[in-house]
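Number of protein chains: 2
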Amino acid sequence: MKTLELDLGERSYPIYIGSGLLARPELLTSYIHGARVAIVTNETVAPLYLGRVRAHLARYNPVEAILPDGEQYKTLEVLNRIFDALLQNRCDRQTTIVALGGGVIGDMAGFAAATYQRGVPFIQVPTTLLSQVDSSVGGKTGVNHPLGKNMIGAFYQPRAVVIDTDTLNTLPDRELSAGLAEVIKYGLIRDPGFFAWLEAHMDRLLARDPAALAEAIERSCRNKAEVVAADECEAGVRVILNLGHTFGHAIETGMGYGAWLHGEAVAAGMVMAADLSRRLGWLTEHDVARIRALIERARLPVQAPPMLTAAQFKSLMSVDKKVQAGKIRLVLLEALGKAVITAEVPPAVLDETLAAARAAA
Amino acid sequence: MKTLELDLGERSYPIYIGSGLLARPELLTSYIHGARVAIVTNETVAPLYLGRVRAHLARYNPVEAILPDGEQYKTLEVLNRIFDALLQNRCDRQTTIVALGGGVIGDMAGFAAATYQRGVPFIQVPTTLLSQVDSSVGGKTGVNHPLGKNMIGAFYQPRAVVIDTDTLNTLPDRELSAGLAEVIKYGLIRDPGFFAWLEAHMDRLLARDPAALAEAIERSCRNKAEVVAADECEAGVRVILNLGHTFGHAIETGMGYGAWLHGEAVAAGMVMAADLSRRLGWLTEHDVARIRALIERARLPVQAPPMLTAAQFKSLMSVDKKVQAGKIRLVLLEALGKAVITAEVPPAVLDETLAAARAAA
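Just so you know, the protein sequences line up as chains A and B, in that order. In terms of our numbering, the first sequence is residues 16 to 376. In terms of our numbering, the second sequence is residues 16 to 376.
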């Protein structure tokens, strides 16, 4: 087992990464405050892992909230089902919420923890690659609104993140690939050595080689933890973690939540960001080709859905959380392995990228 | 104009109290960050004050969310209408939310500010006595759940509180009285001199004597600010601000949100807390008679609704946010002017109070 620490002063917490961690109840129980636990999971994960977690936590008389599976259920309305379960079971402020599932479950359970009785403790137990390398770490919680992804939420840190890499054995291929999008992201924004490592080991990752996956998860979490420690509430550098996300959120919202997986939309969005960076003279054609090739090898989309018009794209992008004073701020690459935040993209160049991304074969 | 300061380190903010403050736009504009404002108000307050506030803030291109009036609308569903308005108007993270109205509006607008794009600034402009003396100060925000009052929310402080005492001229008598319940509360929990002052000046307050109201508001806000500064997130002493609220929330929830005003339920709840304190030997019969008399003079209820059974009361009280490990914690009075928090009330004594409160004439 590897242990990383996310350093946030009083709100610091450990990230445990390893095989078989779901068989070690002390990794959860050390972080449970109070006498009660509520486990939030979904209909896909529950048959696989809920029984085991419930058994470990039996003495905390666990309440369960089992939500439908999918981004389209990441809504205020479904969030309310968690509150229903907590209140029907008379859970008090000393209840610890355990998020058992992927990014949607982690975001919703975390937001429920942030707001139930104005805040209760929670623990992240991510079971998808995407949530293990990205969404379970860093305290972003929330739900979607029909007009925009993650528009309602809070920064609220877990007490611990417990990553059992064995849970990836039950992950569908499509979701494994979606997680790899966020893994590749870390290489692109701040870790060129990791990007090269991914080029060398993508086949092992796709074959679910445990050692390769553990390495990728650890390096991803380390990158994420360093960025979040430097800027918890996204006042500055943390924005770089959104590479590809402004384009990606537009795709997810525009196509209807759940049609594209988050990681798929981010993958296409990163290719668009790379294309735009090249048009601005920051990346070479060779860089873009490498990025595109790695994303394709990860079995991820490298083009945007042609049915989304450029006008729709720009309209959807204009509600992005990074917009300031009407200007879209984008995370781009000034080099392969170095992100930059800019609000100075000439509209004509953005139009070229939108046209190219939707036309590319 | 009087200015109080709520001292919370980096999150400190001023509370302005006086006549004619809605005619002083600088009290708002000094606290607006960014180029955009969203005003949240309700259908009752909008015709009275929205035009004036909108005119002052015209250069911020204000978005408006006008909600239905009443505690029964303090729900996640109605909250979503604020998000709809913000997103339809493409409000970004630099948008400042202005809460213009009573406690329901302040709580909902504040929670929307806490969670829109994971947090935007907000300003409280309370227009009811209850919100001016209590709910606008201290950062408690949230909405109700069918199973419990204020069960979903956040601690989130405003940038400023602007109390124009002239707005009380349009307040219905019933709501003026409801506000006086929270005013009396401060005397009971920590300010016996204020309690005596209220006994001497209740007639002036009911006659809406501006000087008396201003004095009552200032002394109430000063008490509130001192308690909140000592314990922002209700880990300890702040709990005393809930005198009468455990009983009161049970009445509000049990009778259906909106049937009893919050202040009315708190008034009856404070009489119950006083009765229980006497049964425990802490208050004299004379103390209880004084408390009851002052609350009656404020035209507030001094008994609980007889149709709520004792069993319903206890069931509703068991989801109170102060419950710990299955034990109801109550704020009681160890003397007139001194609150105490206890989890050690013998069930039989609580039953006596519940029986007496529902039978009393």
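Backbone N, C-alpha and C define an ideal beta-carbon position, used for all residues, glycine too.
If I'm right that Glu267 of chain A touches Glu86 of chain A with Cβ under 8 Å, what's the distance once you round it to whole angstroms?
7 Å
Apply the 10 Å Cβ neighbour rule to Asn76 of chain A and answer buried if 16 or more other Cβ atoms are within range, or exposed otherwise.
exposed
Measuring alpha carbon to alpha carbon, tell me which residue in A:Val243, A:Leu186, A:Pro29 is nearest Leu221 of chain A.
A:Leu186
Chain B contact for Arg74 of chain A (CB, 8 Å cutoff)
no
Could you check the C-alpha separation between Thr18 of chain A and Ile81 of chain A for me, to the nearest Å?
29 Å
Grab me the residues of Ala376 of chain B's own chain with a C-beta within less than 8 Å of its C-beta, minus the 5 sequence neighbours each way, in chain order.
Note on Ala376 of chain B: pLDDT 46, under 50, position unreliable in the model; no value is reported.
Starting from Leu276 of chain B, find everything on chain A with Cβ-Cβ shorter than 8 Å and list it in chain order.
None at all; the shortest Cβ gap to chain A is about 23 Å.
Let me know the secondary structure DSSP gives His160 of chain A once reduced to three states.
strand
Backbone secondary structure at Met322 of chain B - three-state DSSP:
coil
Since Leu43 of chain B is in the alpha helix (DSSP H), which residue starts that stretch and which ends it?
41 to 44
Along chain A, which residues have their Cβ under 7 Å away from the Cβ of Asn95 of chain B?
Leu91
Secondary structure of Trp275 of chain A, DSSP reduced to three states
strand
Would you mind stating whether Arg219 of chain B and Ala227 of chain B have Cβ atoms separated by less than 8 Å?
yes
Under 8 Å by beta carbon: chain A residues contacting Ser333 of chain B
Arg105
Assign Ala376 of chain B to one of three DSSP states: helix, strand, or coil.
Its pLDDT being 46, under 50, Ala376 of chain B is placed unreliably in this model, and the coordinates cannot settle the point.
Which partner residues does Tyr131 of chain A have in the DSSP bridge list?
B:Ile167
Flag this pair as yes or no: are the beta carbons of Phe328 of chain B and Ala265 of chain B separated by less than 8 Å?
yes
Under a Cβ-count criterion, where at least 16 other Cβ atoms within 10 Å of its own Cβ denotes burial, should Asp188 of chain A be classed as buried or exposed?
exposed
Following the continuous alpha helix (DSSP H) through Lys239 of chain B, name the residue where it begins and the one where it ends.
225 to 245
Confirm, please, whether the CB-CB distance from Val360 of chain B to Leu348 of chain B is below 8 Å.
no
Nearest to Asp107 of chain A by CA position, among A:Thr90, A:Gly121, A:Arg133, is which residue?
A:Arg133
Out of curiosity, what's the CA-to-CA distance linking Pro316 of chain B and Gly194 of chain B?
13 Å
Please determine if the region 144 to 152 of chain A and the region 170 to 179 of chain A are in contact, where contact requires at least 3 C-beta pairs separated by less than 8 Å.
yes
Would you tell me roughly how many angstroms separate the C-alpha atoms of Ile232 of chain B and Ile32 of chain B, rounded to the nearest one?
8 Å
Along the beta strand (DSSP E) that carries Ile81 of chain A, what are the first and last residues, could you check?
78 to 82
Any Cβ of chain A within less than 8 Å of the Cβ of Ala50 of chain B?
yes
Examine chain B for any beta-carbon lying closer than 8 Å to the beta-carbon of Lys353 of chain A, and answer yes or no.
no
Considering Thr111 of chain A, what are the terminal residues of the alpha helix (DSSP H) in which it resides?
Note, Thr111 of chain A: premise wrong, no alpha helix (DSSP H); beta strand (DSSP E) at 110 to 116.
My output table needs one value for Gln139 of chain A: the three-state DSSP class, helix, strand or coil.
strand
Can the beta-carbon of Ala283 of chain B be found less than 8 Å from the beta-carbon of Gly263 of chain B?
yes
So Leu309 of chain B and Thr368 of chain B are in contact, right, with Cβ under 8 Å, and what is the actual spacing, rounded?
Not really, about 19 Å apart at Cβ, beyond 8 Å.
Gln87 of chain A - DSSP class collapsed to helix/strand/coil:
helix
Any chain D beta carbon closer than 8 Å to Ala358 of chain B:
Protein chains A and B are contained in the structure displayed, whereas chain D is not.
Please determine, among A:Pro225, A:Ile138, A:Glu279, the residue with the shortest C-alpha to C-alpha distance to Gly154 of chain A.
A:Ile138
Buried/exposed call for Gly117 of chain A, threshold 16 Cβ in 10 Å:
buried
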